[in-house]
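Residue numbers (my numbering), protein chains in the order written: chain A, 87 to 313; chain B, 87 to 313.
Even for Gly, the Cβ is constructed at its ideal location relative to N, Cα and C.
Bear in mind that the values here come from a model prediction, so they are computed numbers and not experimental data.
The structure under discussion appears below in the form of C-alpha cells.
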DNA sequence: CGGCGACAACTTGTGTACAACCTGCGTACC
DNA sequence: GGTACGCAGGTTGTACACAAGTTGTCGCCG
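In C-alpha cells:
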C-alpha cells in the first residue's frame, strides 16, 4: 500500500488508526500483513508494535497475533481520574509557548468543525478533536507532562469515539467548537491556568454526557471519584 | 555471563544498572556485547534497548552504538517539577492496598539501611533507596499514576546517585531511615494523604541538600519553581 | 451423528546474514 | 610537521529463515 515509511511513522499511523477505531478493540494485526502494506520487512513493523504494546494499546500473543487492547473500563476509569488531575497541572507548571501560527491553526480547526453540517460521519468529528488535542498538547511547556498527557489521551480517546454514534452528534460538535473557542481566548492571553480550567470544565461535561448516555448499562465511565 | 534471560528481565536489569551508574551517562552499550553477556541473540536485547529508548534512558545511534542518555538538567528540572506534583496525586487518588507482608518488608529495608556503618559504598545506599521506592510504587493504587511515577523516578534517580559521593553520606542515610519510618507509620494507618505529605517533604529536603551542594556550580537541580 | 485427533495454515519470538553508517587510525602527500 | 584522505573495524537498521505456539478444519472412529 503506502511506501517509504519508517518505524516512527508506522507507529504514529497505527496509533491514530487505533484511536479512530479503524482497528477496533479486539481486532487482530498481523506483522506480515502490515509489513506488506507499508512495503517494509517485519523488523520496523515490530518496533512500532512493540512501542504500541508499551503504551498499552496492543498485546502481542504468540501463535495468535497482535490484539488491539480491548476497552477495560476498570482501568480506563483510573486513566480518566489521572487525566483530570493532569489537566490541572498543565495550568500549574507550563509556561505557555504558542506562536501566532499556532493560534491561526487552532482557529482554522474550530471553523472546520463549526462548518460541519449534519449528516457527517462521526469519524470526521473524532479526527478533528484528535487534531485539536495534538495541537494543544504541543503547547504544554513541561516535556514529561506533555508526553504523559499525550500517552493517556490516546488510551482514552477510543471510549468517546466508540460512544459517539450513540450521542447527539450536533451537541458534541457544538461542545468542541465552544471548547476550542474558549481555549483560543485563554491562549491569546497566554493564560495557561485559564486554559486548564476551560479544558477541565469541558472534560467533566464530556464525562457527564457519556455517563448519561450509558446510564443503566453495565459500564461506567465515572471518573473523578477514584478515591 | 548470566543466562536464561528474556527481553523483560534484560530491560529491568539494564534499567537498574543505568540508575545505579554501573553504566554511567554517556557510556556505550553494544548490542552484540550485551547479547553475548546474556547468552541470547541481538533480538531480545534490541527489544529491551528499544524500550529503554522509549523511556528516554538510552539513545541508539547508527554506526556508533547505544548511548546512555547524558544528564540534561534543563530537562530533568522539568521532570522534578512534575514528580513533585505526582507525589501529591498519590495522596489524592490512590486507595491504599498494602498487606502486612509489605509493611514487614519496608521495616526490613529500614533496618538494613539503619545498620549501615561508615564507611560503606555509596552504591549500597543508592540500591537500598531504589528498593524502597520499588516497594512503595507498588502500593500506588492508580495504575497509570504508578507507571508514570515509576518511569520518571528512574529518569531522575541518577542525579542523586551521581551526587551522592559528594554529599554527607551519614546524613543521607539518616534521611532515608527517617523517610521509611514516617512512611511506614502513615501506611499502617492506611493514610495515603499522609504518605504523600511525608514523601513530598523528604523530596523537597533532598532537592535542597543537592542544591546546597552544587551551589556556585553551573548546574541547578532547582525544581519546584518551573512556573 | 457426535467427538476427537492429526494436521495444515497461520501467528509471534529468535537467530543470523547483510546493508548502511560512523569513527579512529594509518598513511601518503603537501 | 601538518593535513587530508582512505580504509579497517565496529555499530545499529533491515531483511529473511527458522523455531515455537495457536487455531480452525477435515476426516476418521465410536
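So, with DSSP's three-state summary, where would you put residue i?
i              : result
residue 146(A) : strand
residue 126(A) : coil
residue 201(A) : coil
residue 228(B) : coil
residue 239(B) : helix
residue 276(A) : coil
residue 106(A) : coil
residue 251(A) : helix
residue 256(B) : helix
residue 220(A) : helix
residue 306(A) : Because residue 306(A) sits at a pLDDT of 48, beneath the cut-off of 50, its placement in the model cannot be relied upon, and the following sentence gives the value as read from the coordinates. If DSSP states are grouped into helix, strand and coil, residue 306(A) belongs with coil.
residue 141(A) : coil
Which same chain residues end up closer than 7 Å to residue i when comparing Cβ atoms and leaving out the 5 residues on each side of it in sequence?
i              : result
residue 212(B) : 106, 247, 250
residue 92(B)  : 130
residue 276(A) : 182
residue 138(A) : 97, 100, 101, 144
residue 153(B) : 112, 114, 144, 145, 147
residue 237(A) : 141
residue 272(B) : 280, 281, 284
residue 173(B) : 282, 285, 286, 289
Report the partner residues of residue i according to the DSSP bridge assignment.
i              : result
residue 114(A) : 153(A)
Just how far apart, CA to CA, sit residue i and residue j?
i              : j              : result
residue 193(B) : residue 268(B) : 11 Å
residue 266(A) : residue 186(B) : 50 Å
residue 284(A) : residue 97(B)  : 40 Å
residue 166(B) : residue 210(A) : 39 Å
residue 134(B) : residue 206(A) : 44 Å
residue 123(B) : residue 103(B) : 14 Å
residue 260(B) : residue 164(B) : 28 Å
residue 200(B) : residue 298(B) : 25 Å
residue 227(B) : residue 149(B) : 43 Å
residue 257(A) : residue 176(B) : 35 Å
residue 171(B) : residue 189(A) : 28 Å
residue 117(A) : residue 151(A) : 8 Å
residue 109(A) : residue 155(A) : 10 Å
residue 204(A) : residue 214(A) : 15 Å
residue 241(B) : residue 293(A) : 33 Å
residue 95(A)  : residue 229(A) : 21 Å
residue 208(A) : residue 169(A) : 24 Å
residue 310(B) : residue 157(B) : Because the pLDDT at residue 310(B) is just 40, under 50, the model does not fix this residue reliably, and the value given afterwards should be weighed accordingly. Those two C-alpha atoms are separated by around 19 Å.
Going along the chain, which residues of its own chain have a beta-carbon closer than 8 Å to the beta-carbon of residue i, five neighbours each way excluded?
i              : result
residue 178(A) : 279, 282
residue 127(A) : 121
residue 270(A) : 189, 192, 193, 196
Can you name, in chain order, every residue of its own chain whose Cβ lies under 6 Å from the Cβ of residue i, other than the five neighbours on each side?
i              : result
residue 243(B) : 105
residue 300(B) : none
Task: Those runs of the beta strand (DSSP E) which lie wholly inside the region 151-188 of chain B and span at least 3 residues - done: Qualifying beta strand (DSSP E) stretches, in chain order: 151-154.
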